[in-house]
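Worksheet for the structure shown next.
Protein chains: 2
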Amino acid sequence: MPRANQRPRLVDVAEHAAVSLATASRALAGREGVSAEVADRIRQIAHELGYVANPYARTLASGASSTVGLIVHQVDDPYFSEIAAGVIQLAAEQGLLVQICQSGRDPDYELQQLRHLIAQRVGIVLISGSGYDDPRVEAAARAELAAFQDHGGRAAAIGRHALGIDAVLPDNEAGGVALAQHLMDLGHRRIAVAAGSAGLTTVADRLAGVSSALRQRGRSPADLVVVHSDFTRGGGRAATEQILNEHPDTTAIIALNDAMAMGVLSTLRSRGVPVPARMSVVGFDDVSVAADLAPSLTTIRLPMTEMGRTALTLALKPRATRPRRRPTGHLLVVRDSTGPAPKT
Amino acid sequence: MPRANQRPRLVDVAEHAAVSLATASRALAGREGVSAEVADRIRQIAHELGYVANPYARTLASGASSTVGLIVHQVDDPYFSEIAAGVIQLAAEQGLLVQICQSGRDPDYELQQLRHLIAQRVGIVLISGSGYDDPRVEAAARAELAAFQDHGGRAAAIGRHALGIDAVLPDNEAGGVALAQHLMDLGHRRIAVAAGSAGLTTVADRLAGVSSALRQRGRSPADLVVVHSDFTRGGGRAATEQILNEHPDTTAIIALNDAMAMGVLSTLRSRGVPVPARMSVVGFDDVSVAADLAPSLTTIRLPMTEMGRTALTLALKPRATRPRRRPTGHLLVVRDSTGPAPKT
DNA sequence: CTAGGGTACGTAAGCGCTTACGTAAGCGCT
DNA sequence: AGCGCTTACGTAAGCGCTTACGTACCCTAG
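Shown next, in the form of structure tokens:
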């Protein structure tokens with residue numbers, strides 16, 4: 106008999122069906138050892154009663170949590186919110202719950218969040234955002250994740266490697282190459298890079314691509330102006346100020362993500378520098394607003410939402426002997442923020 | 106003795122401290138009935154062992170879940186991601202976990218998500234986004250939330266009323282008034298509204314503000330062109346096409362949120378309509394990209410992140426006899442997308 | 001000196017599930 | 001008939017906590 110005004114429990118279902126607790130549990134879990142008719146009756150009754158298993162009791166008893174913890178740098182950064190959207194979509198389809206944490210781009214805080222998530226006994230950890238150059242932090246995260254997986258947890262990374270877990274990885278270097286080639290094709294010779302924090306592997310990878318493209322065309326990467334700031338609009342603005350002041354002959358700016366590119370565009374506009382007439386600008390990621398900026402942004406498209414889904418898909422599969430790596434496609438999307446280098 | 110390679114349990118702490126389970130539990134919960142020295146020793150040992158309570162066991166035993174469920178329309182819509190950022194921030198400070206769900210702006214699916222969250226025994230439900238005009242759906246949600254609160258759950262809404270729960274509410278109508286007045290002050294007489302879905306209370310409220318401002322100035326709201334679409338960039342684009350085609354004499358467009366405003370600006374640009382020279386555009390919300398658009402967007406600022414925090418704060422307080430309502434400030438932010446009405 | 005009342009702690013009964021193990025019935029086989 | 005095997009189910013022991021209740025002790029008042 107369900108208690109007055111309380112959610113029904115498994116015993117209530119079992120009593121209604123006149124079976125034992127164990128049989129009810131088996132039937133609802135779809136495990137075998139229950140005849141088809143009895144199983145159907147139990148499911149039917151559970152449905153009528155509006156029975157939904159208490160996940161706390163279930164997890165405590167079985168030891169297998171069905172919630173996924175997602176770590177992002179900032180939820181209100183479009184790059185991450187699109188990833189989160191993908192994860193949440195697929196999780197909803199699978200009946201999983203997503204717990205989300207922000208690391209605020211701080212490696213130590215991120216580590217703390219990771220530990221917290223694991224201590225909260227989530228079943229799956231998904232970690233997004235760039236890796237850090239700091240070997241201490243990376244090793245600690247790696248160790249934490251290894252222990253977590255050894256206890257039966259599953260983990261996957263989005264856009265970061267070197268964590269010893271499955272990962273979905275965009276080809277940041279190839280993207281950098283594509284951007285630099287595009288600008289060189291347009292005749293640009295004085296190219297500056299508005300880069301995120303120097304300690305991020307994503308920055309290093311994208312930058313490496315740009316440099317290698319220059320080298321391929323017989324140009325010295327040493328000529329490249331690189332200004333480090335951070336992966337935000339504010340960072341893009343700061344970097345642009347510096348580029349404009351210290352390297353006034355620059356004709357193209359490569360922002361290493363779209364957030365920075367937005368800051369770059371905004372500063373150029375307020376400084377009265379026409380884009381792309383006097384300055385070409387490119388970004389990276391193709392967040393959904395990129396197409397609606399003025400001018401619309403030439404950038405590298407990454408399938409963020411799909412990356413989120415893929416990461417969860419990987420984590421849902423049984424662990425492989427060695428970490429899997431799923432590359433993601435990328436695509437140069439040419440829009441209105443790039444044009445031929447101005448004649449001087 | 107902690108089991109090899111396993112997380113320590115409360116018994117492990119208790120054994121190390123040579124006290125009973127109950128005492129250890131009391132000490133760590135900071136409840137009384139434990140002498141100061143013993144409590145300190147227990148806390149010390151727990152810390153050394155890296156003990157973190159198993160939330161599943163805790164919740165099962167105490168019946169009080171410490172996870173908060175957040176329902177948004179879309180996480181990758183900046184309005185919602187900024188709210189989510191606020192909620193997640195405060196939750197992290199309070200040691201709470203946030204489970205996030207997307208309703209996809211579908212009232213029925215939203216209701217389903219709400220039920221799911223409650224069935225998952227979250228302790229707090231936060232529901233954001235506009236209410237719906239559909240009384241059936243609203244009543245169902247209201248009933249669900251009432252039952253949830255009667256069982257000890259806490260709930261709060263962000264930007265929607267009529268749910269019988271605490272709410273933080275921007276003054277949508279006053280915002281609409283401010284926008285319309287601003288445009289009339291600039292001499293605009295042919296104003297069109299790019300509105301979200303007709304079934305949303307937010308749309309109705311903001312629209313009511315616009316109409317009432319017209320009335321205050323002795324103008325007939327009947328003259329107002331209102332095009333319904335949806336609260337997305339695509340919706341803004343569609344609405345703009347329609348306005349341009351059917352009402353070519355329009356000199357100002359009020360988009361009822363910033364996402365739509367972005368679509369409006371993008372369409373005007375591709376149609377070659379200069380903003381604000383031939384058309385003024387305003388939005389609503391002041392999402393963080395609004396300042397970086399070209400032209401930068403005149404809009405009503407809502408403190409989304411703070412709204413998220415406030416909602417959680419409300420939910421953390423004990424339930425009041427009647428639902429509380431926290432108004433939020435709003436502010437007309439004038440930027441470059443509005444200017445004097447063109448002389449004809 | 002004892003009754004009464006705190007204080008500090010221990011004991012044990014759950015919370016609502018899962019699951020290892022036990023058991024009874026039915027089957028085919030020798 | 002007796003054996004073993006499978007199938008379908010029940011019994012009960014936890015999972016790791018919280019908390020009502022019990023108990024030993026000390027302090028004070030009468």
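In order, the protein sequences belong to chains A and Z. Under the numbering used here, the first residue of the first sequence carries the number 106, and numbering increases by one thereafter. Under the numbering used here, the first residue of the second sequence carries the number 106, and numbering increases by one thereafter. Ideal Cβ placement from N, Cα and C applies to all residues, glycine included.
In the same chain as residue 326/A, and ignoring 5 residues on each side of it, the C-beta atoms closer than 7 Å to its own belong to 316, 319, 320, in chain order. Excluding residues up to 5 positions away in sequence, 311, 314, 315 lie with their Cβ nearer than 6 Å to the Cβ of residue 281/A in the same chain. Residue pairing by DSSP places residue 275/Z opposite 433/Z in a beta bridge. Contact residues of the segment 393–414 of chain A toward chain Z are 393, 394, 396, 397, 398, 399, 400, 401, 409, 410 (C-beta to C-beta distance below 9 Å). Residue 300/Z and residue 370/Z have their alpha carbons spaced roughly 15 Å apart.
Looking at the DSSP output, residue 262/A shares a beta bridge with 232/A, 272/A. Closest option to residue 266/A, judged by alpha-carbon separation, among 277/A, 256/A, 257/A, 258/A: 277/A. Within 8 Å of the CB of residue 334/A, no CB atom of chain Z is found; the nearest one sits about 16 Å away. For residue 399/A against residue 349/Z, the beta-carbon gap comes to about 18 Å, at or over 8 Å, which does not count as contact. By a beta-carbon distance limit of 8 Å, residue 187/A contacts residue 409/A. Their separation comes to about 4 Å. Looking at the DSSP output, residue 390/Z shares a beta bridge with 406/Z. Counting the other CB atoms within 10 Å of its CB gives residue 394/Z a total of 16 or more, which places it among the buried residues. With respect to chain Z, the C-beta atom of residue 164/A has a partner C-beta closer than 8 Å. CA-to-CA, the gap between residue 140/A and residue 158/A works out to about 21 Å. Taking C-beta atoms under 8 Å as the contact rule, residue 390/A and residue 363/A qualify, at a distance of about 5 Å. Residue 203/Z: member of the beta strand (DSSP E) spanning 202–207, first to last residue.
For residue 297/A, the uninterrupted beta strand (DSSP E) run begins and ends at 296–300, by DSSP. For residue 345/A, the enclosing alpha helix (DSSP H) begins and ends at 338–351.
Using a Cβ-Cβ cut-off of 8 Å, residue 186/Z counts as an interface residue toward chain A, since at least one Cβ of chain A sits closer than that to its own.
The C-beta distance from residue 417/Z to residue 195/Z rounds to 5 Å, short enough to meet the 8 Å contact threshold. Contacts with chain Z at 8 Å (Cβ-Cβ) include residue 202/A.
Of all residues in the segment 213–229 of chain Z, only 224, 225, 226 come within less than 7 Å of chain A when Cβ atoms are compared, listed by chain position. At least one C-beta of chain Z is nearer than 8 Å to the C-beta of residue 189/A. Within 8 Å of the CB of residue 367/Z, the CB atoms of chain A belong to 394, 397, in sequence order along the chain. Between residue 204/Z and residue 222/Z, the beta carbon gap of about 7 Å places them in contact (Cβ cut-off 8 Å). No Cβ-Cβ contact shorter than 8 Å links residue 373/A with residue 405/A. By the rule that beta-carbons nearer than 8 Å mark a contact, residue 350/Z does not touch chain A.
Considering only 328/A, 322/A, 360/A, 356/A, the residue with the shortest C-alpha distance to residue 340/A is 360/A. Residue 304/A and residue 243/A have their C-alpha atoms some 12 Å from each other. Within chain A, not a single residue places a beta-carbon under 7 Å from that of residue 276/Z; the smallest gap is close to 23 Å. Between residue 170/A and residue 132/A, the alpha-carbon positions lie close to 20 Å from each other. The beta-carbon of residue 376/A is placed no less than 8 Å from the nearest beta-carbon of chain Z. Residue contact check for residue 362/A against chain Z: no CB pair falls below 8 Å.
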